[in-house]
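One structure is given here, and the rest of the page talks about it.
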Amino acid sequence: TTPANAAGTLAMRAFSQRFESTPVTGITHVSLAGATRDFPWTTPPTPQSLPWPPDQSPLTIAHTGTGTPWVTVSARAAVPITAPFTSGFAASRAIAPVSQAVPGRWTRGDVIRVTLTVTPRAPVEWVVINDPVPAGATILGGALGGRSEMLAGESATGQQPSFVERRADALHAHYAALGRAAVTYSYTLRLGSTGSFKMPPTRVEALYSPEMLALFPNAPITVAPR
């Protein structure tokens, strides 16, 4: 929130005046598995990347000059999500047929109900659930009228979403605030294209608390023609 941001800014300013009164000058040297990067403090340093080492290697950081700089280190790797990842949220996803031409097999025109359940581990503000849909699918419940509205049957248990975005590639459910209680949101979609679709994970995140994140892996879905 804005008051919390202001309080944090004042606290950081007081901390800096007390413990960081000496300006940072010189060069900060970073090395990992033979790769090196230098951060000169003549201007504010920009983020840099180091290649991921093939084996376990120590990250070495040394500073030559005055002051004590802070360093933010993050590790990134493009790896598939094979198990749920939870950090501040627990999330689950279930699908069930609403209209299925061939039992046990998805075909073009079938309608699926998707149920998403999210449990925060602490109260949090502005949370978004990002649930992907197969290419060519239509998320029901918008201004489609008639049969689509009857099939849509959107529902929520617990806290209601503040607003919902129905995009071509995903459904986004936004919550202004969540407590510790579990919330469930259900929606329906109609399959519109044939093929085999590899689905990205369902993602739950707090927009202003990036450390709160949940990822739920989704299995590939194959849609056959009718």
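In terms of this note's numbering, the sequence shown opens at residue 46 and continues consecutively.
Virtual Cβ for every residue (Gly too), placed ideally from N, Cα, C.
### Message
Applying the 10 Å Cβ sphere with the 16-neighbour rule, what's the burial state of D100?
### Response
Exposed: under 16 other Cβ atoms inside 10 Å.
#### Entry: Where L223 sits in the DSSP three-state scheme
Of the three classes helix, strand and coil, the one that applies to L223 here is strand, per DSSP.
### Message
Taking 8 Å as the cut-off, does the region 151-166 touch the region 219-231 (at least 3 CB pairs, one atom from each stretch)?
### Response
With the rule of 3 Cβ pairs closer than 8 Å, the region 219-231 counts as touching the region 151-166.
### Query
Less than 8 Å separating the beta-carbons of P165 and F134?
Taking the C-beta atoms as reference points, F134 is found nearer than 8 Å to P165.
### Query
What's the C-alpha gap between T81 and A136?
Our two residues, T81 and A136, have alpha carbons roughly 39 Å apart in a direct line.
### Query
What span of residues does the alpha helix (DSSP H) with S200 cover, start to end?
Taken as a continuous stretch (DSSP letters only), S200 belongs to no alpha helix (DSSP H), being part of the beta strand (DSSP E) at 200-202.
### Query
Taking Cβ positions, are P245 and P177 nearer each other than 8 Å?
Yes, these two residues count as a Cβ contact at 8 Å.
### Message
If distances are taken between C-alpha atoms only, which option among R225, A180, A56 comes closest to T239?
### Response
Ranking the options by Cα distance to T239, first place goes to A180.
#### Entry: Beta carbon of P265 nearer than 8 Å to that of P129
Between P265 and P129, the C-beta spacing is not below 8 Å.
### Message
For chain D, check one thing: does any of its Cβ atoms lie closer than 8 Å to the Cβ of P48?
### Response
The structure shown contains no chain D; it holds only a single protein chain.
### Alpha-carbon to alpha-carbon, H74 and A275
The shown model of the chain, from 46 to 271, leaves out residue 275, and the question about it has no answer.
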